[in-house]
Amino acid sequence: MVQKYQSPVRVYKQPFELIMAAYERRFPTCPLIPMFVDSDTVNEFKSEDGAIHVIERRCKLDIDAPRLLKKIAGVDYVYFVQKNSLNSRERTLHIEAHNETFSNRVIINEHCCYTVHPENEDWTCFEQSASLDIKSFFGFESTVEKIAMKQYTSNIKKGKEIIEYYLRQLEEEGITFVPRWTPPSITPSSETSLSSGKQAAALAIVTPEAALKEGPSSEALSNPSGAPEPVATTPDDKLDADYIKRYLGDLTPLQESCLIRLRQWLQETHKGKIPKDEHILRFLRARDFNIDKARETMCQSLTWRKQHQVDYILDTWTPPQVLQDYYAGGWHHHDKDGRPLYVLRLGQMDTKGLVRALGEEALLRYVLSINEEGLRRCEENTKVFGRPISSWTCLVDLEGLNMRHLWRPGVKALLRIIEVVEANYPETLGRLLILRAPRVFPVLWTLVSPFIDDNTRRKFLIYAGNNYQGPGGLLDYIDTEVIPDFLGGECMGSHVTRWPGFYILQWKFHSMPACAATLPRVDDMLASLQVPSHKCKVMYYTEVIGSEDFRGSMTSLESSHSGFSQLSAATTSSSQSHSSSMISRVDKRLREPQ
Numbered sequence: 001m002v003q004k005y006q007s008p009v010r011v012y013k014q015p016f017e018l019i020m021a022a023y024e025r026r027f028p029t030c031p032l033i034p035m036f037v038d039s040d041t042v043n044e045f046k047s048e049d050g051a052i053h054v055i056e057r058r059c060k061l062d063i064d065a066p067r068l069l070k071k072i073a074g075v076d077y078v079y080f081v082q083k084n085s086l087n088s089r090e091r092t093l094h095i096e097a098h099n100e101t102f103s104n105r106v107i108i109n110e111h112c113c114y115t116v117h118p119e120n121e122d123w124t125c126f127e128q129s130a131s132l133d134i135k136s137f138f139g140f141e142s143t144v145e146k147i148a149m150k151q152y153t154s155n156i157k158k159g160k161e162i163i164e165y166y167l168r169q170l171e172e173e174g175i176t177f178v179p180r181w182t183p184p185s186i187t188p189s190s191e192t193s194l195s196s197g198k199q200a201a202a203l204a205i206v207t208p209e210a211a212l213k214e215g216p217s218s219e220a221l222s223n224p225s226g227a228p229e230p231v232a233t234t235p236d237d238k239l240d241a242d243y244i245k246r247y248l249g250d251l252t253p254l255q256e257s258c259l260i261r262l263r264q265w266l267q268e269t270h271k272g273k274i275p276k277d278e279h280i281l282r283f284l285r286a287r288d289f290n291i292d293k294a295r296e297t298m299c300q301s302l303t304w305r306k307q308h309q310v311d312y313i314l315d316t317w318t319p320p321q322v323l324q325d326y327y328a329g330g331w332h333h334h335d336k337d338g339r340p341l342y343v344l345r346l347g348q349m350d351t352k353g354l355v356r357a358l359g360e361e362a363l364l365r366y367v368l369s370i371n372e373e374g375l376r377r378c379e380e381n382t383k384v385f386g387r388p389i390s391s392w393t394c395l396v397d398l399e400g401l402n403m404r405h406l407w408r409p410g411v412k413a414l415l416r417i418i419e420v421v422e423a424n425y426p427e428t429l430g431r432l433l434i435l436r437a438p439r440v441f442p443v444l445w446t447l448v449s450p451f452i453d454d455n456t457r458r459k460f461l462i463y464a465g466n467n468y469q470g471p472g473g474l475l476d477y478i479d480t481e482v483i484p485d486f487l488g489g490e491c492m493g494s495h496v497t498r499w500p501g502f503y504i505l506q507w508k509f510h511s512m513p514a515c516a517a518t519l520p521r522v523d524d525m526l527a528s529l530q531v532p533s534h535k536c537k538v539m540y541y542t543e544v545i546g547s548e549d550f551r552g553s554m555t556s557l558e559s560s561h562s563g564f565s566q567l568s569a570a571t572t573s574s575s576q577s578h579s580s581s582m583i584s585r586v587d588k589r590l591r592e593p594q
């Protein structure tokens, strides 16, 4: 199987000429690359005006391979042929390399390119691609492939460090500027040489495809062959290393290569807008960066998204009123890692009633809208926190879960939702916190766990009872000011409301009686409202506010019920009916026009 590598665009914030001066210091040998033993110049060509410089070197490498393998192969060193084509007029350097040792058994080709940054002429871009094809190697094909990939990726990591090392060396020597190439003065005799130099410039630079098919020869160096110049692609078609690190995270060279190659394939074959880089990376991670498997699942997902118009679900679909009224879940700030946090009180939901009232399709579509909103929030948090955030955290409170929730049609709907989300939203769940799992939970887990991917299952943290309040519990993942008060946190609430109207936020009582029997009468409390001192805070909502916009309490998530916390603390069970009656009368009097 042919192994391929494609690097992102790496940017040096130095001029092209200074980078070339640092690059030339790598030869004839480089102490920063232990395997690079030596190099000899085989052929060299320079145009009359000095704009074109083509040089061919034979490089000697000491591959770190098992001694037994070296004895079987009968070699201690491996030789490569490298051809550098420098065009000072166009400010480009193309590097082609291929193996000379075992060229009939192993085919290795590499192409590198230094060019001027398209948006800043004082910066330099670097790209690199390579291919490895092992035909046969004494029965050790797999071993040789692993050794070759390991050696190659280790040297890729050092590439930028080596250039920066020699740049510092030049700076220590007082060399911080290298003048650009300028053509010689125009004379009748020099015009001919200049035109020949331009012709040589066009002929000396070969395309990467031609370099992979034909190795460099001495004849081509002395008299460059007529190959067309490589076609330049637009900057939008490429990913640079800084962008990957800032928005996608730290990836290994091979992971970067997989991302770029799959992205290029989508650009060439997919009609319409291709998925975002974060989404492509999720599919690669879900398939352990196996490009073929990731490509297959992504194509299926793109077809599914187009068929069900999922890309427009947030703009065109409105959840039914039943879901808005009775679905106990919502987005709530973020965890300590900056991931968006979704809180779901599954035990408080009437799943049987929701399934009967809406059916599977409406519930599935609502879950899809939640996932799409999660992707949007991940992008926002990436910008806010200045680091890549590609997944969210889900907190599921199972208090109240019972056998009623294991109703067969409800479980069937849950399994279908899991199947669709697993197939189309891979690697979006960063962590799942399951709290207050009751005794019936193992039954539910036995039913759903076979449908959950192993990688996803490892992200589950399950707490029974109040174990989440101890070490290794909720406080390790979520800040206490964000944890809802029904889970022992500081975020209290009954103030996230749904319908317009008056809501009592706080009621001040002085010298609160210790016994419910001595509670003040309703008439006394209403009379106290007439005094100048403030006894009550009232707020009027005209629209629903999100949890992130109000740092109050979240006692009843997305509920309109307000409670008198101090009254309820002092009220015994025998006086609950009296208190509720009193509250309703107070609320009614407050709503009456003055």
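At position 486 of the sequence shown (counting the first as 1) the number is 486 in full-length UniProt numbering, and the numbers step up by one without a gap.
Beta carbons are placed, not taken as given, at the ideal position from N, Cα and C, and that holds for glycine.
Of all alpha-carbon atoms in K46, Y23 and E96, the one lying nearest the alpha-carbon of R58 is that of E96. When the Cα atoms are used, I147 and R436 turn out to be separated by approximately 50 Å.
Annotation for S39: the continuous beta strand (DSSP E) segment containing it runs F36 to K46.
Along the length of the stretch 54–110, whole beta strand (DSSP E) runs at least 3 residues long occupy 78–87 and 92–99, reported in chain order. Burial check for K60: the Cβ neighbour count within 10 Å reaches 16 or more, so the residue is buried. Here the C-alpha atom of T446 lies approximately 12 Å from the C-alpha atom of V411.
Uninterrupted alpha helix (DSSP H) stretches at least 4 residues long and entirely within the stretch 227–309 occur at 253–269, 277–286 and 291–308, given in chain order.
Under the three-state reduction of DSSP, R356 is assigned to helix. In this structure, the beta-carbon distance from T92 to C125 does not fall below 8 Å. Where W123 is concerned, there is no enclosing beta strand (DSSP E), because DSSP gives it neither an H nor an E. In the three-state reduction of the DSSP assignment, A437 falls in the strand class.
Per DSSP, the beta-bridge partners of A130 are Y5 and E110. Spanning the alpha carbons of L364 and L415 requires a straight line of approximately 11 Å. Under DSSP, the beta-bridge partners assigned to R10 are F126. The alpha-carbon separation between V9 and S129 amounts to approximately 11 Å. Per DSSP, the unbroken alpha helix (DSSP H) holding D454 starts and ends at D454 to R457. Cβ neighbours of R377 within its own chain (closer than 6 Å, five residues either side excluded): P340. Here the C-alpha atom of F102 lies approximately 14 Å from the C-alpha atom of E145.
E256 has its alpha-carbon roughly 8 Å from the corresponding atom of I244.
When the five nearest sequence neighbours on each side are left out, the beta carbons in the same chain lying within less than 6 Å of the beta carbon of Y366 are those of P319 and L323, in order along the chain. A distance below 6 Å between beta-carbons, with the five flanking residues on each side excluded, links D40 to the following residues of its chain, in chain order: R58. One thing to note: L259 has its Cβ within 8 Å of the Cβ of L251. Taking C-beta atoms as the reference points, L262 and I280 count as a pair closer than 8 Å. A Cβ-Cβ contact shorter than 8 Å links N99 with V78. One thing to note: L475 has its Cβ no nearer than 8 Å to the Cβ of L433. By the neighbour-count criterion, in which 16 or more other beta carbons inside 10 Å mark a residue as buried, T382 falls on the buried side.
The alpha-carbon of R67 is positioned some 13 Å away from that of F140. Taking C-beta separations shorter than 8 Å and ignoring five residues to either side along the sequence, the partners of L314 in its chain run S369, E372, E373 and R376, following chain order. Rounded to the nearest angstrom, the gap between the Cα atoms of S85 and S131 is 20 Å. Pairwise C-beta distances place the stretch 24–43 in contact with the stretch 160–169, as three or more of them are shorter than 8 Å.
By the neighbour-count criterion, in which 16 or more other beta carbons inside 10 Å mark a residue as buried, E127 falls on the buried side. The three-state reading of DSSP puts I33 in coil, since its state is none of H, G, I, E or B. Here the alpha carbon of R387 sits roughly 16 Å from the alpha carbon of R282. Secondary structure note for Y342: its beta strand (DSSP E) is the uninterrupted segment P340 to L344.
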